[in-house]
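Using my numbering, read the sequence shown as starting at 1065 and increasing by one per residue. A quick write-up on the structure given underneath.
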Amino acid sequence: MTGRRRSAILAGVMLAAFTAGVCSTPAQGPAQAQPNPGRFEFLVVESFDARYLGDTPGHLGRASLGRKSPRMALGDPVYRQSTRVGKVSHLNWNEANESLEVEFDPDKDQRVAIGDAVWVELGKAP
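This is the structure:
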């Protein structure tokens, strides 16, 4: 085999290996488990001590709701896994962006941190 032919074969093998690697890589990453349809799950993205005089500490989280109706109200419990960590104190539904922003007051003795995954049960239509 000549050097030129050997180089061409090696280049072809390398190109095939590269193409196979690119084609087998998932573009969107691994499939995520389907979220619980009876819950609105979101991440805590902001924590505050008090926004105005007489206010209490609170946390804020948001996530995409999709085309579902939120069906939740002020005072609904907020959970981290199966532990209640607070209650809803403010809701902001942006229907155009299909997102919901939830502010909640923490329960006593519950530490909530930025990045915590929490959830609120979605109610049923009246």
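Cβ coordinates follow ideal geometry from the N, Cα and C atoms, glycine included.
DSSP, read as helix, strand or coil, puts ASP1169 in strand. Per DSSP, reduced to three states, the secondary structure at LEU1107 is strand. For the set PHE1104, HIS1123, ARG1103, the Cα lying nearest the Cα of PHE1112 is the one of HIS1123. Sequence-distant partners of GLU1165 (beyond 5 residues in either direction) whose C-beta falls short of 6 Å from its own C-beta, in its chain, are ARG1126, ASN1156. Taking the Cβ atoms as the reference, ALA1181 lies roughly 6 Å from GLU1105, within the contact range of under 8 Å. Excluding its 5 nearest sequence neighbours in each direction, GLU1162 has C-beta neighbours in its own chain below 8 Å: SER1128, LEU1129, GLY1130, ARG1131, listed in chain order. In this model, VAL1152 and ARG1103 are separated by some 14 Å (Cα to Cα). Residue pairing by DSSP places PRO1141 opposite LYS1151 in a beta bridge.
Taking the Cα positions, ARG1115 is about 21 Å away from ASP1173. Its chain contains VAL1108, VAL1109, GLU1110, SER1111 as the residues whose beta carbon lies nearer than 8 Å to that of ILE1178, once the 5 sequence neighbours on both sides are disregarded; these appear in chain order. DSSP places GLU1162 in the coil class of the three-state scheme, outside both helix and strand.
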